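Numbering (this note's numbering), first residue to last: 256 to 303.
The structure appears right after this line, and notes come after that.
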Amino acid sequence: MSKIYGYARISSKDQHEDWQIDPLQHFGVDIKNVFVDRKSGKDLPSGV
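Next comes the structure, spelled out in structure tokens:
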């Protein structure tokens with residue numbers, strides 16, 4: 256049986272992970288297979 260994975264990217268304080276995780280779960284992604292990234296693009300070194 257194959258697993259379905261999800262990815263949520265939270266890049267500002269105004270965003271909430273539930274806004275992205277809830278729809279992923281609706282489409283069958285198990286919460287333990289959801290990866291959340293909480294970084295902002297402003298934190299990347301220039302030229303990346």
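Positions of the beta carbon are idealized from the N, C-alpha and C atoms, including for glycine.
Just so it is clear, the structure is predicted and the values come from calculations on it, not from any experiment.
For residue j and residue i, believed in contact at Cβ under 8 Å, the rounded distance
{"i": "Ile265", "j": "Val291", "result": "6 Å"}
Close beta carbons around residue i, own chain, < 8 Å, minus the five adjacent residues each side
{"i": "Asn305", "result": "In the structure as shown, the chain begins at 256 and stops at 303. Residue 305 is therefore absent and cannot be evaluated."}
Host beta strand (DSSP E) of residue i (start-end)
{"i": "Asp292", "result": "Val289 to Asp292"}
{"i": "Gly283", "result": "From DSSP, Gly283 is part of no beta strand (DSSP E); its letter is neither H nor E."}
{"i": "Tyr262", "result": "Gly261 to Arg264"}
7 Å CB neighbourhood of residue i in its chain, flanking five on each side removed
{"i": "Gly283", "result": "Ile259"}
{"i": "Arg293", "result": "Ile265"}
Same chain, Cβ closer than 6 Å to residue i, five either side skipped, listed in chain order
{"i": "Ile276", "result": "Ala263 and Val289"}
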